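Visitor:
Numbering (the numbering used here), first residue to last: 1 to 307.
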């Protein structure tokens, strides 16, 4: 049991990770570091410099509050290796379909599958690490081979797609046997969703945006073949913004009404206080005048006496 759980001799892993030191006073001052490295049994370097220790220990800086700090860690281990073509007596050659335009097609019906990568031969661990470090970028460029046909908006998808493919390599693996046209549709559609979630602000969401995202997401889940369970909660949250905005608008109207009524109540209370003051003055004057005053029947005749 224990032996089965141990890694094989000479193990190594290409790991992409992100560490974030949260500022508990001002979230905008939080520090995040992203890197990708190859780890093995003898690896001892675990990251880069974040900030000075004096700043970290200073409670006013917000990183260490009440002897507590918050660190977020995101880790993705990839088992993909880069596509390397090895020629006798020459260095390994990487195929970059964007810059060189050298895409290999498996048949005339445009089914240029992404062949599995092999590590090839390397003269040293440093060269191998460099090759594997370019892995995701090269694969994604091969997937989206026709970059020049993309519009300005679609070009903004590339860094978003590169990031999610680093954290979710299965996005590329599940498209290996697809045609180039299908892959480009799938990744472009995914790019639309990512770009929507990345750039849209809550206050700008309208009915048309919700319908657009709903249709795009439904088609993507149904036909793309991607495993998007990691993205679904964020999309569902965005789709739920319509109900949220309706309630938010209703809440705003009620708040405005309450504020208006409160202002009116304050005005009426002021008028009431002034009226009560006038009432007290009038009642006091009435008491002064009434003191020593005998009332008579004003309807009776004045009359006179005969004696």
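By construction, the Cβ of each residue, glycine as well, lies at the ideal position given by its N, Cα and C atoms.
Nothing here was measured: the structure is a model prediction, and the numbers come from that model.
What residue from 200, 51 and 20 has the CA that sits closest to residue 241's CA?
Guide: On the chain shown, position 241 is the one that residue 241 refers to. Closest by alpha carbon: 200.
Visitor: So which of 220, 17, 307 and 256 has the shortest CA-CA distance to residue 33?
Guide: Indexing the chain shown from 1 puts residue 33 at position 33. Of the listed residues, the one whose Cα sits closest to residue 33 is 17.
Visitor: Quick check: the Cα distance between residue 280 and residue 273, rounded to an integer number of angstroms?
Guide: As a working mapping, residue 280 is identified with position 280 in the chain shown. As a working mapping, residue 273 is identified with position 273 in the chain shown. Computed Cα separation, rounded: 11 Å.
Visitor: Can you find the residues in the same chain that come closer than 6 Å, C-beta to C-beta, to residue 89, ignoring five residues on each side of it along the sequence?
Guide: Looking up residue 89 in the chain shown gives position 89. With a pLDDT of only 42 at residue 89, under 50, the local geometry of the prediction cannot be trusted, and no value is derived from it.
Visitor: In angstroms, rounded to a whole number, what distance separates the CA positions of residue 192 and residue 157?
Guide: Translated into the one-based positions of the chain shown, residue 192 becomes position 192. Translated into the one-based positions of the chain shown, residue 157 becomes position 157. Whole-angstrom Cα-Cα distance: 7 Å.
Visitor: On the DSSP letters alone, give me the boundaries of the alpha helix (DSSP H) that residue 210 sits inside.
Guide: Looking up residue 210 in the chain shown gives position 210. Looking at the DSSP string, the run of the alpha helix (DSSP H) that includes residue 210 is 207 to 223.
Visitor: What are the uninterrupted segments assigned as alpha helix (DSSP H) that are 4 or more residues long and contained completely in the segment 165 to 209, given in chain order?
Guide: Fully enclosed alpha helix (DSSP H) runs of 4 or longer: 170 to 173 and 180 to 199.
Visitor: Identify whether residue 163 lies in helix, strand or coil by the three-state DSSP scheme.
Guide: To locate residue 163, count along the chain shown from 1; it is residue 163. Helix.
Visitor: Taking the straight line between their C-alpha atoms, what separation do you get for residue 263 and residue 249?
Guide: In the chain shown, counting from the first residue as 1, residue 263 sits at position 263. In the chain shown, counting from the first residue as 1, residue 249 sits at position 249. The straight-line gap from Cα to Cα measures roughly 21 Å.
Visitor: Quick one, which of 26, 301 and 206 has its alpha-carbon nearest residue 243's?
Guide: One-based indexing of the chain shown puts residue 243 at position 243. Among 26, 301 and 206, the Cα nearest to that of residue 243 belongs to 206.
Visitor: So, residue 224 versus residue 190, is the Cβ gap smaller than 8 Å?
Guide: On the chain shown, position 224 is the one that residue 224 refers to. On the chain shown, position 190 is the one that residue 190 refers to. Yes, the pair counts as a contact, with Cβ atoms nearer than the cut-off.
Visitor: Quick check on residue 212: buried or exposed, where buried means 16 or more other Cβ atoms within 10 Å of its Cβ?
Guide: Here residue 212 is taken as the residue at index 212 of the chain shown, counted from 1. Exposed, by the Cβ-count rule.
Visitor: Just to confirm, is the Cβ distance from residue 183 to residue 175 under 8 Å?
Guide: Translated into positions along the chain shown, residue 183 becomes position 183. Translated into positions along the chain shown, residue 175 becomes position 175. Result yes, Cβ atoms of residue 183 and residue 175 sit closer than 8 Å.
Visitor: With distance defined between alpha-carbon atoms, name the residue in 295, 238 and 58 nearest to residue 216.
Guide: Taking the chain shown and counting its residues from 1, one reaches residue 216 at position 216. Among 295, 238 and 58, the Cα nearest to that of residue 216 is on 238.
Visitor: Do residue 220 and residue 187 count as a contact pair if the criterion is CB distance below 8 Å?
Guide: If you number the chain shown from 1, residue 187 lands on position 187. If you number the chain shown from 1, residue 220 lands on position 220. Cβ distance not < 8 Å, so residue 187 and residue 220 don't count as in contact.
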